[in-house]
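Residue numbers (the numbering used here): 41 to 159.
Structure representation (structure tokens):
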């Protein structure tokens with residue numbers, strides 16, 4: 041995750057530096073400190089955003105795990121585009137939670153985030 045944050049902050053930093061260069065008046069030289077602060081600010085911004093998204097994802101997964109342990113059923117989707125498969129996931133069907141973010145049955149793993157509670 042740290043590498044992705046670093047890559048995104050570098051991309052955002054370069055975009056902001058280019059924007060800064062285009063805003064300079066003719067003959068005006070950019071300050072090295074300004075460029076440094078742009079990159080540092082972009083790193084802090086991307087880091088904060090990534091933690092906020094991670095908190096949101098974790099709360100959704102926790103809620104689904106709690107419902108699973110309360111013996112609710114889920115319909116989970118796997119596959120890509122047209123070859124999607126759907127599975128009925130519940131404790132009664134022999135599924136269990138694996139590494140806090142997957143449902144597991146035998147050798148099949150399904151991401152909890154891709155599951156919807158059956159009504």
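C-beta: ideal position from N, C-alpha, C; glycine also.
Go ahead and pull the three-state DSSP assignment for residue 99. Stepping through the chain shown from its first residue, residue 99 is reached at position 59. DSSP places residue 99 in helix when its eight states are reduced to three.
Please name the residue or residues paired with residue 126 in a DSSP beta bridge. Indexing the chain shown from 1 puts residue 126 at position 86. 117.
Nearest-angstrom Cα separation, counted from residue 84 out to residue 75: For this step, residue 75 is matched to residue 35 along the chain shown. For this step, residue 84 is matched to residue 44 along the chain shown. Those two C-alpha atoms are separated by around 14 Å.
Comparing C-alpha positions only, which one of 154, 109, 47 sits nearest to residue 136? Indexing the chain shown from 1 puts residue 136 at position 96. Residue 109 is the option with its Cα nearest to residue 136.
Based on the DSSP output, what are the partners of residue 68 in its beta bridges? Numbered from its first residue, the chain shown carries residue 68 at position 28. In the DSSP output, where bridge partners are listed per residue, residue 68 has none listed.
List the DSSP bridge partners of residue 145. One-based indexing of the chain shown puts residue 145 at position 105. Its beta-bridge partners are 148.
Going by C-alpha to C-alpha distance, which of 116, 132, 133, 134 sits closest to residue 126? Here residue 126 refers to the residue found at position 86 when the chain shown is read from its first residue. Per the Cα distances, 116.
Determine the direct distance from the alpha carbon of residue 94 to that of residue 58, and round the result to whole angstroms. Position 18 of the chain shown holds residue 58. Position 54 of the chain shown holds residue 94. Cα to Cα, residue 58 sits roughly 29 Å from residue 94.
Per DSSP, what kind of secondary structure is residue 133 in: helix, strand or coil? Indexing the chain shown from 1 puts residue 133 at position 93. If DSSP states are grouped into helix, strand and coil, residue 133 belongs with coil.
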